[in-house]
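Position in the sequence shown counted from 1, then plus 3, gives you the numbering used here.
Note that beta-carbon positions come from the ideal geometry of N, C-alpha and C, so glycine has one too.
Contents: one structure, followed by commentary.
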Amino acid sequence: MTAGMEKARVVLEGTRPATWVFTGDTVVQGAGQTGAGRTFSEHFGDHLRNKLRRLLDVVVNTGVPNSRAENFLKTLDWRVTRFAPEVVFLMLGSADAAAGPTGRTRFRDVLNEIVDSLASTKTALILQTPPTARPDRWTDACDLPAYIEIIREVADARDIAGIDHWSLFEDRLAQADSQPDWWSSGEQLPNVRGHVELARQIVEALSR
4 MTAGMEKARV VLEGTRPATW VFTGDTVVQG AGQTGAGRTF SEHFGDHLRN
54 KLRRLLDVVV NTGVPNSRAE NFLKTLDWRV TRFAPEVVFL MLGSADAAAG
104 PTGRTRFRDV LNEIVDSLAS TKTALILQTP PTARPDRWTD ACDLPAYIEI
154 IREVADARDI AGIDHWSLFE DRLAQADSQP DWWSSGEQLP NVRGHVELAR
204 QIVEALSR
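Encoded structure:
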């Protein structure tokens, strides 16, 4: 078990109220994906309050559409550290992948800088891979699989907790013709059902 996941579970098992920050790019922000439904961070907040009875816990969503790693690093204080969170869920890569192969090294370097910056705090960091889109809908992010692999490699190398949404949604693609779809009409982002599944995967990861 990674230190970040262990810290998050200790928070859940304790009685002290906690602050949970969900941050990153378009999927986290959720606008236009769920209609009147809830985003995965909102579902997680419901789980905390209604299932776990953690009534004083605070869930903050600072996702920004099309946010790239460099911009996130520059705004880290505003989007994360000012809240002094116990746990941070970070999802980046979808927008960064538009830079293609030439942007991979920079993405890795900046992601490591973000990890270093958060390591100086007491927060538990959990890296999330973005959920996959349908392969023919990647458009300007056709290099996204390589960026997903960078996220996994950084998590492994730094012993950081990771939740692999990409793999979950990739498995779903094989069943999408016969099962309810998890993607929005553009087939690049998760819809309301997809956000439920994202939240479910987070809850399961914290419960193991």
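Measure the CB-CB distance between residue i and residue j and report whether it falls below 8 Å.
{"i": "Asn64", "j": "Ser44", "result": "yes"}
{"i": "Ala11", "j": "Val90", "result": "yes"}
{"i": "Ile153", "j": "Trp169", "result": "no"}
{"i": "Asp112", "j": "Val67", "result": "no"}
{"i": "Ala21", "j": "Asp162", "result": "no"}
{"i": "Ala98", "j": "Asn69", "result": "yes"}
{"i": "Leu93", "j": "Leu130", "result": "yes"}
{"i": "His198", "j": "Gly96", "result": "no"}
{"i": "Leu58", "j": "Leu15", "result": "no"}
{"i": "Ala164", "j": "Phe110", "result": "no"}
{"i": "Val62", "j": "Leu192", "result": "no"}
{"i": "Ala149", "j": "Arg211", "result": "no"}
State the DSSP-derived secondary structure class of residue i, mapped to helix, strand or coil.
{"i": "Ala21", "result": "coil"}
{"i": "Gly33", "result": "coil"}
{"i": "Ser181", "result": "Annotation note: pLDDT 48 at Ser181 (below 50); position unreliable, coordinate value reported separately. Coil at Ser181, not helix or strand."}
{"i": "Ser97", "result": "coil"}
{"i": "Ala87", "result": "coil"}
{"i": "Gly40", "result": "coil"}
{"i": "Ala71", "result": "Note that residue 71 is Arg in the sequence shown here, rather than Ala. Residue state, collapsed to three classes: coil."}
{"i": "Leu55", "result": "coil"}
{"i": "Arg211", "result": "coil"}
{"i": "Asp159", "result": "helix"}
{"i": "Leu147", "result": "helix"}
{"i": "Asp49", "result": "helix"}
Looking at the unbroken beta strand (DSSP E) that takes in residue i, where does it start and where does it end?
{"i": "Phe92", "result": "Val90 to Met94"}
{"i": "Ala127", "result": "Ala127 to Thr132"}
According to DSSP, which residues form a beta bridge with residue i?
{"i": "Leu171", "result": "The partner list for Leu171 (beta bridge, DSSP) is empty, contrary to what the question assumes."}
{"i": "Val62", "result": "Trp23"}
{"i": "Ala164", "result": "Ile129"}
Taking C-alpha atoms, which residue in the options lies nearest to residue i?
{"i": "Phe86", "options": "Ile153, Phe25 and Arg203", "result": "Phe25"}
{"i": "Trp23", "options": "Pro104, Gly40 and Asp49", "result": "Asp49"}
{"i": "Cys145", "options": "Leu176, Leu128, Ser123 and Gly103", "result": "Gly103"}
{"i": "Val83", "options": "Thr42, Asp167 and Lys125", "result": "Lys125"}
{"i": "Asp159", "options": "Leu15, Glu16, Gly17 and Val118", "result": "Val118"}
{"i": "His3", "options": "Val206, Arg211 and Ser210", "result": "Since the first residue of the chain shown is 4 and the last is 211, residue 3 is not available in this structure."}
{"i": "Pro133", "options": "Gln32, Met8, Glu9 and Leu76", "result": "Gln32"}
{"i": "Leu79", "options": "Leu121, Gly165, Thr18 and Asn194", "result": "Leu121"}
{"i": "Leu147", "options": "Thr135, Gly17 and Lys77", "result": "Thr135"}
{"i": "Lys77", "options": "Thr18, Leu114 and Ser210", "result": "Leu114"}
{"i": "Phe172", "options": "Val195, Glu200, Arg155 and Val157", "result": "Glu200"}
{"i": "Glu9", "options": "Arg155, Ala127 and Asn194", "result": "Ala127"}
{"i": "Asn194", "options": "Asn53, Ser123, Thr42 and Leu176", "result": "Thr42"}
Could you tell me the boundaries of the alpha helix (DSSP H) in which residue i lies?
{"i": "Val67", "result": "Note, Val67: premise wrong, no alpha helix (DSSP H); not H, not E."}
{"i": "Val118", "result": "Arg107 to Ala122"}
{"i": "Arg82", "result": "Leu79 to Arg82"}
{"i": "Ala102", "result": "Here Ala102 belongs to no alpha helix (DSSP H), and DSSP marks it neither H nor E."}
{"i": "Lys10", "result": "Ala6 to Glu16"}
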